[in-house]
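Peer 1: Sequential numbering of the sequence shown, starting at 82, is according to the working numbering.
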Amino acid sequence: MKDIVVGVIGGSGLGEALGTIGRGEALEVDTPFGKPSGPVVLTEVAGVRTALLARHGDGHRFNPSSVPYRANIYALKKLGVTHVLASAAVGSLREEIAPRHLVIPDQVIDRTFRRPSTFFDELAVHVEFASPFCPGLRALLVEQGRASATTVHSTGTYVCMEGPQFSTRAESELHRAWGAHLIGMTVMPEAKLAREAELCYAMVALPTDYDCWRPHPDGLDQVQLLKEIIGNLKAATEQGLDLIRRTVAVIRDRTRDCSCQTALAHAIWSDKAKVPAEVKKRLEAVAGKYWA
């Protein structure tokens, strides 16, 4: 395996706290898909080269539908990232997944519809996606989670909705009937693009509250509710950062070659000889090794 470089994508809460992971050089990266959400900070964590990126940008400028997902993943790939640890604030669809717990999801139901979800608009490219998260990277997070000060759930299905509005009660009950565990707005198309870029990708989900299937306590007004959610997010963020740090510290010794890193090997169905030169150039960072 080539040298490991870990990308850390911070979502709500963790995005603002990324600076506590490490300080380093902030790079502005240009991509064929525009600018990423913000500068990518190159640093080291436990001797491992690490690239930090806040998904929603400085000051949480991008809502979930407008995050430049393609630019974000392309920029990390261009900088040599091989593995991505992402975080996301979520709502819980299950009584046993309480706010401030952590969840390492293993499945996704994609309900987004406004977001570009592939790098390959001009080609027929079909990557395998039955397991949307890297099994090896997930296993490492689960293993390190056993030493966490909070409960870490080792599996969970994440429903990714478009937003930016939250669910209706009927939608929340439907998601529960599907057997889902979490509701959020940001894992898609991020995980799909990571697979197309042949990056190992896994997520630490941060439950901040129960989704609206579970009524809020009587007498809790909107101001108090928001204060409670923010408190839960801060607590979950601290635990999530600790889990990510410990995972990065052991990733070099515990990670092996993975099918994620050859996801495009049999996925490009188009005749490569007929792919226009300008398209090959634009996609060089993610697919260049397959053009020859």
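Idealized CB from N, CA, C, for every residue including glycine.
Could you check the C-alpha separation between Arg257 and Val360 for me, to the nearest Å?
Peer 2: Computed Cα separation, rounded: 42 Å.
Peer 1: What do you get for Ala211, buried or exposed, if any count of 16 or more other CB atoms within 10 angstroms of its CB means buried?
Peer 2: Label assigned to Ala211: exposed.
Peer 1: Tell me the DSSP secondary structure of Asp334 in three-state form.
Peer 2: Note: Asp334 maps to helix in three-state DSSP.
Peer 1: Would Val148 pass as a contact of Leu157 if the rule is Cβ separation under 8 Å?
Peer 2: No, the pair does not count as a contact, with Cβ atoms beyond the cut-off.
Peer 1: On the DSSP bridge list, what partners appear for Met242?
Peer 2: DSSP output for Met242 lists Arg192 as bridge partner(s).
Peer 1: Is the separation between the beta-carbon of Gly169 and that of Met242 shorter than 8 Å?
Peer 2: Residue 169 is actually Ala in this sequence, not Gly. Contact flag unset, no.
Peer 1: Please report the straight-line C-alpha distance between Glu177 and Leu322, rounded to a whole angstrom.
Peer 2: Roughly 22 Å between the two C-alpha positions.
Peer 1: Quick one: is Leu221 buried, meaning 16 or more other Cβ sit within 10 Å of its Cβ, or exposed?
Peer 2: It counts as buried.
Peer 1: Grouping DSSP H, G and I as helix and E and B as strand, with all else coil, what is Gly140?
Peer 2: Reduced to three states, the DSSP call for Gly140 is coil.
Peer 1: In the DSSP output, which residue or residues are listed as bridge partners for Glu176?
Peer 2: For Glu176, which the question treats as bridged, DSSP gives no partner whatsoever.
Peer 1: State the beta-bridge partners of Glu106 as determined by DSSP.
Peer 2: Leu123.
Peer 1: Which term fits Gly312, buried or exposed, when burial requires 16 or more other beta carbons within 10 angstroms of its beta carbon?
Peer 2: Gly312 comes out exposed.
Peer 1: To which residues of the same chain is Tyr291 closer than 6 Å at the C-beta, ignoring the five residues directly before and after it?
Peer 2: Taken in chain order, the residues that qualify are Ser173.
Peer 1: Would you say Phe247 reaches chain D, if we count a Cβ-Cβ gap shorter than 8 Å as a contact?
Peer 2: Within the model displayed, chain D is absent; a lone protein chain is all it includes.
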